[in-house]
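Enquirer: Per the numbering used here: the sequence shown = residues -12 to 163. Below is a structure I'd like to ask you about.
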Amino acid sequence: MEFQKVLEERRSVRSFKNEPVSKETVDQVLKAAQLAPSWKNSQTGRYYAVLSDDMLNKVRESCLPSFNAKNSANAALIVTGFVKDDAGFGADGPVNDMGNMWGAYDLGLQNENLCLKARELGLDTLIMGIRDESALKNILDIPDNVQVAAVIALGYRNTEPKMPLRKELSEVVKYY
Ligand SMILES: Cc1cc2nc3c(=O)[nH]c(=O)nc-3n(C[C@H](O)[C@H](O)[C@H](O)COP(=O)(O)O)c2cc1C
């Protein structure tokens, strides 16, 4: 698929078909995520892929608010996070004012690759920032040094959402 089309077609999808997502497909989108740049190639992004019905039910029931649980029904869930105090840190601590935001920055770059690759493969995603971090850590046994960020639903769209309006370039860009 042409890159521009992938960019334009990627949407946050809130209704997925009852069609399982294979581990091979998840591997493909995660490999795309790994191609993203990162601070000194530190690659601190971490992924916890939930595919089995049993675990999907547990995560939906215990870790997501009801609207996100409902909207991600039928999708696989990929919990995303990053190792804290690594990207953007040196021997003496944070290298600059951003601190752990560099880890979040790198994870965001990876996650956009993941979402775009999913679209190229004919799947769709919903990034969910509203989730219960401690419940996720508990159920998935995620280490303390990992900051959990978004849970990404991955599945086959059952809807054709319209693109929410974007701001004018002039509102967000200043040229010099
Ligand atoms: C960091 C982040 C957190 C988000 N959290 C949620 C969420 O918890 N639930 C939800 O329905 N959408 C969530 N979204 C989706 C946004 O609402 C969506 O990306 C935005 O409205 C633009 O729509 P589009 O993705 O179709 O272009 C989140 C998006 C991002 C980037």
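No residue lacks a Cβ here, since even glycine has one placed at the ideal position from N, Cα and C.
1. Would L(-6) pass as a contact of N100 if the rule is Cβ separation under 8 Å?
2. Along the chain, where does the beta strand (DSSP E) containing L22 start, and where does it finish?
3. Quick one: does the C-beta of A63 sit closer than 7 Å to a heavy atom of ligand 1?
4. Going by DSSP in three states, I129 sits in which element: helix, strand or coil?
5. Just checking L96 against ligand 1 - is the residue's beta carbon closer than 7 Å to any of the ligand's heavy atoms?
6. Going by beta carbon distance, what residues of the same chain come within less than 8 Å of L96, once the five residues before and after it are set aside?
7. DSSP three-state label for A137, please.
8. Beta carbon of S39: closer than 7 Å to some heavy atom of ligand 1?
9. Can V66 and N132 be called in contact, C-beta distance under 8 Å?
10. For E(-11) and chain D, any beta-carbon pair shorter than 8 Å?
11. Hey, quick one: how far does the alpha helix (DSSP H) through V159 stretch, first residue to last?
Expert: Straight from the coordinates:
1. Using a Cβ distance threshold of 8 Å, L(-6) and N100 do not count as a contacting pair.
2. Note, L22: premise wrong, no beta strand (DSSP E); not H, not E.
3. No; taking the cut-off as 7 Å, the Cβ of A63 has no heavy atom of ligand 1 nearer than that.
4. Residue state, collapsed to three classes: coil.
5. Because no heavy atom of ligand 1 lies under 7 Å away, the Cβ of L96 does not count as near it: no.
6. Excluding its 5 nearest sequence neighbours in each direction, L96 has C-beta neighbours in its own chain below 8 Å: A23, P24 and S25, listed in chain order.
7. Looking at A137 - three-state DSSP - the assignment turns out to be strand.
8. No - ligand 1 has no heavy atom lying nearer than 7 Å to the Cβ of S39.
9. Not in contact: V66 and N132 (Cβ atoms no closer than 8 Å).
10. The chain inventory of the structure shown lacks chain D, comprising one protein chain alone.
11. Unbroken alpha helix (DSSP H) run through V159: L156 to V159.
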